[in-house]
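Heads up: the sequence shown is residues 1 to 766, going by UniProt numbering.
Every residue gets a Cβ at the ideal spot worked out from N, C-alpha and C, and that includes glycine.
Working notes, beginning with the structure itself.
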Amino acid sequence: MLPPSKWFVVLGPKGLPSPSKPPGIYQTIQWKVGGKSVLPLPLHIQFPDYMFALFAFNHLQPLLSDEANLKLRPGTLVERFVASEAFREVSDQIEHRGGLIWAVKHGTRPGVYTDTIAALASVDSSGRNDNGVVFQQAYAFCSFREAVVCQMLDDHPTAAIHDYNPQDRPDDAETLRAVLLEHMDEPLVKAESPSDPELPRDTPDHESMPPPPAPATSAPSTPHRSQTSPARMQNTPGGFNIVYSPTVVVHVNSPDPSSPGPSTPIRASQRHGGIERGRRTLLAEGFTMDQVSSIELAFATSDMFNDFAQTVSEDFGMRNARAADVWYTYKGRRLLHAARRRAGTGARKPWRTQTKCSVIKLTTGQKTKRKQKRAAEKQSYKTALLKAHQRICEMALEIHEQFGNRSVDLIATDIFQSKRLQTATKDIGPYHAFVSLQARRMNAELPEGEPKQKVNELSKKISLLWKEMSKEERIDATKDTLVDLRERRENKEVGEHKPGAVAAQDSFLTGERIKETLECLNMRTGDEALLIITMLKLIPDDVAAKMDGFMVTGIEGVARSHAQPLLLQLKSNVSKLITRKLQECAGNVKISRMYYRNFAERVTKRYGIVVKNWPLGEFANPSSISTMAAAQTLWNAWDSNTAHFYRMSNDEYVQWLDQYNNAQGAAPQNPSSAGAGDNEEGGGLHEGGGGEMEPVPQGAVGNAPMASTPTPASAPAPTNVSSNFVMTMTMVTDANGATMAVKSKPRKPRSDKGKPRKKRGSNVPT
Numbered sequence: 001m002l003p004p005s006k007w008f009v010v011l012g013p014k015g016l017p018s019p020s021k022p023p024g025i026y027q028t029i030q031w032k033v034g035g036k037s038v039l040p041l042p043l044h045i046q047f048p049d050y051m052f053a054l055f056a057f058n059h060l061q062p063l064l065s066d067e068a069n070l071k072l073r074p075g076t077l078v079e080r081f082v083a084s085e086a087f088r089e090v091s092d093q094i095e096h097r098g099g100l101i102w103a104v105k106h107g108t109r110p111g112v113y114t115d116t117i118a119a120l121a122s123v124d125s126s127g128r129n130d131n132g133v134v135f136q137q138a139y140a141f142c143s144f145r146e147a148v149v150c151q152m153l154d155d156h157p158t159a160a161i162h163d164y165n166p167q168d169r170p171d172d173a174e175t176l177r178a179v180l181l182e183h184m185d186e187p188l189v190k191a192e193s194p195s196d197p198e199l200p201r202d203t204p205d206h207e208s209m210p211p212p213p214a215p216a217t218s219a220p221s222t223p224h225r226s227q228t229s230p231a232r233m234q235n236t237p238g239g240f241n242i243v244y245s246p247t248v249v250v251h252v253n254s255p256d257p258s259s260p261g262p263s264t265p266i267r268a269s270q271r272h273g274g275i276e277r278g279r280r281t282l283l284a285e286g287f288t289m290d291q292v293s294s295i296e297l298a299f300a301t302s303d304m305f306n307d308f309a310q311t312v313s314e315d316f317g318m319r320n321a322r323a324a325d326v327w328y329t330y331k332g333r334r335l336l337h338a339a340r341r342r343a344g345t346g347a348r349k350p351w352r353t354q355t356k357c358s359v360i361k362l363t364t365g366q367k368t369k370r371k372q373k374r375a376a377e378k379q380s381y382k383t384a385l386l387k388a389h390q391r392i393c394e395m396a397l398e399i400h401e402q403f404g405n406r407s408v409d410l411i412a413t414d415i416f417q418s419k420r421l422q423t424a425t426k427d428i429g430p431y432h433a434f435v436s437l438q439a440r441r442m443n444a445e446l447p448e449g450e451p452k453q454k455v456n457e458l459s460k461k462i463s464l465l466w467k468e469m470s471k472e473e474r475i476d477a478t479k480d481t482l483v484d485l486r487e488r489r490e491n492k493e494v495g496e497h498k499p500g501a502v503a504a505q506d507s508f509l510t511g512e513r514i515k516e517t518l519e520c521l522n523m524r525t526g527d528e529a530l531l532i533i534t535m536l537k538l539i540p541d542d543v544a545a546k547m548d549g550f551m552v553t554g555i556e557g558v559a560r561s562h563a564q565p566l567l568l569q570l571k572s573n574v575s576k577l578i579t580r581k582l583q584e585c586a587g588n589v590k591i592s593r594m595y596y597r598n599f600a601e602r603v604t605k606r607y608g609i610v611v612k613n614w615p616l617g618e619f620a621n622p623s624s625i626s627t628m629a630a631a632q633t634l635w636n637a638w639d640s641n642t643a644h645f646y647r648m649s650n651d652e653y654v655q656w657l658d659q660y661n662n663a664q665g666a667a668p669q670n671p672s673s674a675g676a677g678d679n680e681e682g683g684g685l686h687e688g689g690g691g692e693m694e695p696v697p698q699g700a701v702g703n704a705p706m707a708s709t710p711t712p713a714s715a716p717a718p719t720n721v722s723s724n725f726v727m728t729m730t731m732v733t734d735a736n737g738a739t740m741a742v743k744s745k746p747r748k749p750r751s752d753k754g755k756p757r758k759k760r761g762s763n764v765p766t
């Protein structure tokens, strides 16, 4: 008996004749008729646990219980079933668990299996029928959708990963069985004998026995499978896990879904499709399963095509061109010589047939009476319309007498509100095609420069030609033109206006052909090529110049050229931010610019403001920063208020001023440097206008701390100071609270220094 952790779901309509089982959840697998000619329902699916089975049953059974769906043809029913949102949810959960999904067509218990052991056991234990014939066959898939379609329909499964057929191919089946069960922990068990299963109860209709306690139905979790999935085997003969070597492909202005990038469902399906096509092709060419496994192992362990081609050439005598086809097929790309769909090659084919309705034929007398009745109704209808028009014209005359500036016709048109849009179009017939064909031919015979004749001018001549032709001649002459005219009308009605579409399509197809030619050249000679196709306003000379610059400066130069404008903008933003923060700290006192040199004299002494938590190693103008990282650090510090201005209290200001005066006495500055303006430091990238700021007397500062300043008599004699004088007072602190050095730049001496100045009144005449 199968392990109790396996649960089986029966999906389908109620009331099916015996031996079909009613829909529900069973702990034992139920019996059904197998083979390729059976009905798609009921559908039996095996799940690893009860919660998973309950989740799938609640999602899938309503779709197969709808009577409207059951009236559809089998193919339409299956297509609608697998395309539903509920089926996709169940499929995603099953495929997320990993492993193979089996469709057992001929076995003891046909159905869809998510457990490899149970699927192989069902096939191996298949007995003989009444005629003494044994049928054994199952297909393995990576897709739950493909497995369900294979189980419900008779189509040959082209997407199958494995074809397990012990009856017709015992050697291949034994090899495949050994590979799949090599890493299994569970021993292979035979399927149960067809015993009478426990039937489900009617209420509820999805349980055959009391289930284990479980919460409300939801998407099942993904517990660990008891078996090791063959899809996860590494370097196992017969496994299909392929390691793709990195390949660098450059595509300019041509997006390619197969280019390197994040994995997508489309790319994953392409890889699986390549594996399937490659395996089926090799098996069709006569390779055994062991040889196919060896070729796949060579592909998985080869980083370059040359290595793969050399291996398969030595081991299997495969030519270089054939090795290239195998290589690109397993990579999920189309073969180099595969047919490509071109514009106009894919014609629509009829996909349904219409049944003729049964019509009761009328006798000649009945037809005559109906014709006379229709003619009388048509005449009476026209008479009624004519009377209505006459009344409307009389009303228009009455309105014209009241509004003489409007004509009777205009008033009648406004009353009628006649439609000016075409409501219906005539179908294009053979005569229309013949007129178009003859008009083009007659205009082609005109000398160059002559105006083209219109169709209404040639209609009489064309009509005479049409009358002289037989029915067969008319059909032969117009059958091709008739199709062209209908396509032209459809294009006029629904075609989009894309002037550049033709050019873009031509460029794309031409580039693809050149790409294939260059790939073949690379296979023959190993030459590498770079193809650049420029479009719109892109000039090839500009591309060549940029590439030349890249070869000279490298990636660092390109990064600098692109980052320089960003760095300049960031430094400007930092300077403006610091100036705004300074003004906010100063309050009502207007400060139009920020000073970095002589910060103590220009800012701290005047306004009692200091800087705290300066993030960089040097207190300097942001315009002097040369790296993006430093500018970004400074911006983040000021934007988050980590670095900020602090306005000292009166006591703090008095204490600071005493230290400042002592420092000035230890290293006095040139008198001309005190209060000097440093234009290169104050403005920089954040000039706020206003020019040089006038010194504000300390007592006049609005909320600034008050303190007494030393008199000039107590100041020491001035001396010249070096230009690299560093102020070590606490005006600027770093993130750790330590004092930072602030450089003070002396002012340039005046040109008339030391020369006596004239008094203002000396030049005034007496």
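6 Å Cβ shell around Ala147 - same chain, five flanking residues per side excluded: Ile101, Ala103, Val112 and Phe141
Sub-8 Å separation of Ser18 and Pro42 beta-carbons: no
Bridge partner(s) assigned by DSSP for Val112: Ile45 and Ala103
8 Å Cβ cutoff met for Ala323 and Phe308: yes
C-alpha gap between Asp476 and Leu72, whole angstroms: 41 Å
Close Cβ partners of Trp327 (< 6 Å) along its chain, the five nearest in sequence each way excluded: Phe305 and Phe308
Which listed residue (Leu657, Leu153 and Glu618) has its alpha carbon closest to that of Val603: Leu657
Distance, Thr175 Cα to Ser293 Cα: 11 Å
Contiguous alpha helix (DSSP H) assignments of at least 4 residues, all confined to the region 589 to 659: 628 to 639
Separation of Ala563 from Phe619, as counted between CA atoms: 24 Å
Span of the beta strand (DSSP E) around His162: His162 to Tyr164
Gln438 vs Leu465 beta-carbon contact at 8 Å: yes
For Gly286, the first and last residue of its enclosing alpha helix (DSSP H): Looking at the DSSP string, Gly286 is not in any alpha helix (DSSP H), and its letter there is neither H nor E.
Whole-Å CB distance - Val78 paired with Val149, under 8 Å assumed: 6 Å
Residue environment, Tyr164, which counts as buried when at least 16 other CB atoms sit within 10 Å: buried
Inter-residue spacing [alpha-carbon to alpha-carbon] between Phe52 and Ala298: 39 Å
Span of the alpha helix (DSSP H) around Trp466: Val455 to Glu468
Sufficient close CB pairs (3 or more, under 8 Å) joining the region 561 to 578 to the region 608 to 626: yes
Buried/exposed call for Thr728, threshold 16 Cβ in 10 Å: Note that Thr728 scores 46 on pLDDT, short of 50, meaning its location in the model is unreliable; the coordinates nonetheless yield the value given after this. Per the 10 Å Cβ criterion, exposed.
For Val134, three-class secondary structure by DSSP: strand
Length of the line joining the Cα atoms of Ser561 and Lys576: 24 Å
Delimiting residues of the beta strand (DSSP E) encompassing Phe403: Phe403 -> no beta strand (DSSP E), and no H or E assigned at all.
Cut-off 6 Å between Cβ atoms - residues of its own chain near Pro540, not counting five sequence neighbours on either side: Thr534
For Ala140, the three-state DSSP class (helix, strand or coil): strand
Separation of Ala396 from His389, as counted between CA atoms: 10 Å
Proximity of Pro157 and Tyr139 at Cβ, strictly below 8 Å: yes
Buried or exposed by the 16-neighbour rule on C-beta atoms within 10 Å, applied to Ile532: exposed
Buried versus exposed, by CB contacts within 10 Å (16 or more), Asp124: buried
Beta-ladder partner(s) of Leu750, from DSSP: Sequence inspection shows Arg at residue 750; the Leu mentioned does not correspond to that position. Bridge partners of Arg750: none, in fact.
Reduced DSSP category for Ile360 - H, G, I as helix; E, B as strand; rest coil: coil
Continuous beta strand (DSSP E) stretch holding Ile25: start and end: Gly24 to Tyr26
Nearest neighbour of Ile117, chosen from Val134, Leu536, Pro74 and Gly99 [CA to CA]: Gly99
Cα-Cα separation between Leu11 and Tyr26, rounded to whole angstroms: 11 Å
Minimum C-alpha distance to Lys460 - residue among Ala631, Lys605 and Tyr431: Tyr431
Between the CA atoms of Thr478 and Asp427 - distance to the nearest angstrom: 15 Å
Straight-line gap, Gly449 to Val359 (C-alpha atoms, nearest Å): 59 Å
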